[in-house]
Each structure stands twice: as structure tokens, then as C-alpha cells.
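Undergrad:
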Amino acid sequence: MALENYNPPTTPYLSLVYQDDAFVVFNKPSGLLSVPGKALVHRDSLQIRAQRVFPTATVVHRLDMATSGLMVMALTKAAHRHISKQFELRQTKKSYHAVVFGDVKGDEGSVDLPLICDWPNRPKQMVDYERGKNALTHWQVLARNTNTTRLLLNPVTGRSHQLRVHMLSLGHPIIGDKLYAHPQAFSMANRLNLHAYTLEFRHPENESWVSLTAPLPF
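For the working numbering, add 703 to where a residue sits in the sequence shown, where the first one is 1.
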């Protein structure tokens with residue numbers, strides 16, 4: 704993926720939401736890669752920034768570069784195994800805020816459409832009933848404004864670009880989405896209006912529920 708003019712935000716350089724001996728949680732800004740790209744100019748990432756402060760930090764899951772919000776990193780091998788397993792088994796609970804184009808009909812619903820990489824147009828993803836991996840998203844309307852609707856999104860699966868493609872499939876692309884929005888929807892925001900708002904999982908050391916929230920940036 705060519706990241707033309709990669710210029711990630713540096714203020715704040717690192718936004719720490721939570722830390723203890725087992726893991727740390729950051730609020731990743733839109734425009735910052737989760738992990739380093741292959742090219743040297745794409746090295747700056749949340750992982751690199753985190754490891755300067757927490758040298759043992761390892762990435763458990765990722766967010767798209769354009770998506771902001773909660774990202775957890777493990778500080779020990781045991782914590783990494785434990786939290787990774789929860790993501791793998793879909794035992795974590797995640798919610799996102801999104802502002803989408805248009806007036807969404809109904810107050811809540813689900814999108815159950817299988818996704819696969821649109822290889823000639825990568826990194827874009829697309830719906831494919833034959834080869835795609837199952838992907839499920841629940842949505843709920845939070846507010847309606849002129850030409851936009853604010854949604855709470857709960858992804859059950861964690862496919863690449865899942866929320867972006869699922870909203871597009873409803874006919875309501877997320878505003879500010881460079882990859883999937885039509886020109887009018889893209890021009891309505893200066894960034895992708897998708898934010899990983901809440902994250903819940905079991906603490907790797909004592910199994911208690913950890914519930915975290917990252918303030919809304921839009």
C-alpha cells in the first residue's frame with residue numbers, strides 16, 4: 704500500500720489511556736499507522752512510539768491508519784497470549800462511533816456479509832459470497848443530523864475494513880473515508896469518522912473485566 708505524503712500527527716505524541724504491569728492501552732490518533740510499514744518513511748507508528756516508553760510492548764490487535772481509538776498492547780509474553788486468545792475467540796467487546804452519509808432507515812440492525820481482499824484494488828476489501836470470510840456487525844442509531852447519521856457499531860468479527868465496507872453496503876459510507884466514500888461523503892470530514900470508542904476484555908492476571916473508553920474526537 705502506497706502511503707503518499709505520510710505525515711502522522713505528533714501532538715500528542717502518545718496518548719496513554721491505561722497501564723499496569725501486564726498491558727498498556729493507547730488512544731491512537733487518525734493518520735498514524737498501528738505498526739511500521741515496510742518503507743523507512745512509514746516507520747513511525749503507534750508500536751514504535753509505545754516501545755520507546757515500554758520496550759516490551761507487543762501489538763495484540765490493530766486499527767486502520769485512518770481509524771482512531773483504543774488499542775491495547777501486552778507488556779509480557781503471558782499477557783500477550785491471554786489477550787490475543789480473547790480476540791481470537793471473540794470474547795472481547797468492542798464498540799465504535801461512526802458518522803455515516805445520509806439518513807439511515809430504522810434505529811438498529813445487523814450487517815452479515817462475507818469479506819475478501821479486492822486484490823487488484825488492495826488494500827480495499829469487498830463482499831464475496833463464495834470466497835469471503837464471514838463478517839458480522841451490529842449497528843444502532845445514536846443521532847441524526849443534516850445529511851449524516853451517527854451510529855454505534857459493534858463488530859462481532861474483526862475483518863480488515865469490516866465496518867467501512869459494511870456501512871458502504873448499507874448505502875451509507877462513513878464520511879471522510881478516502882477508500883470507500885463517494886466524493887460528497889468524503890468531502891464532509893477532514894478525516895475518517897470512525898473511532899474505537901470502548902473496549903472490554905478480561906485482565907490476563909486476575910480474569911476481572913477491564914472496561915475502557917477513549918474520548919470522541921468528532
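Every residue, glycine too, gets a C-beta built ideally from N, C-alpha and C.
Should I878 and T840 be called a contact, given that it needs their Cβ atoms to be closer than 8 Å?
TA: no
Undergrad: Would you list the residues sitting across from L736 in a DSSP beta bridge?
TA: For L736, which the question treats as bridged, DSSP gives the partners S748.
Undergrad: Sort V814, A801 and N708 by Cα distance to T901 and report the nearest one.
TA: Distances from the CA of T901 to each of V814, A801 and N708 were compared; the closest alpha carbon is that of A801.
Undergrad: Around the C-beta of N708, are 16 or more other C-beta atoms found within 10 angstroms, so that it is buried, or is it exposed?
TA: N708 comes out exposed.
Undergrad: Around the Cβ of Y716, are there at least 16 other Cβ atoms within 10 angstroms (buried) or fewer (exposed)?
TA: exposed
Undergrad: Using C-beta distances below 8 Å, list every residue in its chain close to Q789, excluding the 5 sequence neighbours before and after it, in chain order.
TA: T795, F904 and R905
Undergrad: With a threshold of 6 Å on Cβ separation, who are the neighbours of L882 within its own chain once the five nearest residues in sequence on each side are excluded?
TA: K827
Undergrad: Can you check DSSP and say which residues form a bridge with N848?
TA: T851
Undergrad: Would you give the residue range spanned by the alpha helix (DSSP H) that S798 belongs to?
TA: Counting along the chain, S798 falls outside any alpha helix (DSSP H), though it belongs to the beta strand (DSSP E) covering K796 to F804.
Undergrad: Under a Cβ-count criterion, where at least 16 other Cβ atoms within 10 Å of its own Cβ denotes burial, should N909 be classed as buried or exposed?
TA: exposed
Undergrad: Hey, could you find the ends of the alpha helix (DSSP H) F790 is sitting in?
TA: Where F790 is concerned, the enclosing alpha helix (DSSP H) starts and stops at K780 to E791.
Undergrad: Since P712 contacts G734 with CB under 8 Å, what's their CB separation in whole angstroms?
TA: 5 Å
Undergrad: Starting from R905, trace the alpha helix (DSSP H) in both directions and tell me its first and last residue.
TA: Counting along the chain, R905 falls outside any alpha helix (DSSP H), though it belongs to the beta strand (DSSP E) covering L897 to R905.
Undergrad: With DSSP as the reference, identify every bridge partner of G772, one or two as the case may be.
TA: K731 and A899
Undergrad: Between the stretch 866-876 and the stretch 814-833, do at least 3 Cβ pairs fall closer than 8 Å?
TA: yes
Undergrad: Counting only the same chain and skipping the five closest in sequence on each side, list residues whose C-beta sits under 8 Å from that of V925.
TA: Nothing can be reported for residue 925, as the shown portion of the chain is limited to 704 through 921.
Undergrad: In chain order, what residues of the same chain lie with their CB nearer than 8 Å to the CB of N837, ignoring the 5 residues before and after it?
TA: D815, P817 and T860
Undergrad: Below 8 Å on the Cβ atoms is my guess for L856 versus A769; work out the distance and round it to an integer in Å.
TA: Not quite, the Cβ-Cβ distance comes to about 15 Å (not below 8 Å), so this is no contact.
Undergrad: For S914, which three-state DSSP category applies?
TA: strand
Undergrad: For L766 and K731, which I take to be in contact (beta-carbon distance under 8 Å), what is that distance rounded to the nearest angstrom?
TA: 6 Å
Undergrad: In the DSSP assignment, the alpha helix (DSSP H) including G868 goes from what residue to what residue?
TA: According to the sequence as given, residue 868 is Val; it is not Gly. It spans Q865 to S872 - the alpha helix (DSSP H) in which V868 sits, taken as one unbroken run.
Undergrad: Can you tell me the Cα-Cα spacing of L919 and A742, whole angstroms?
TA: So the alpha carbons of these two residues sit roughly 31 Å apart.
Undergrad: For P758, is the classification buried or exposed, using 16 other Cβ atoms within 10 angstroms of its Cβ as the cut-off for buried?
TA: exposed
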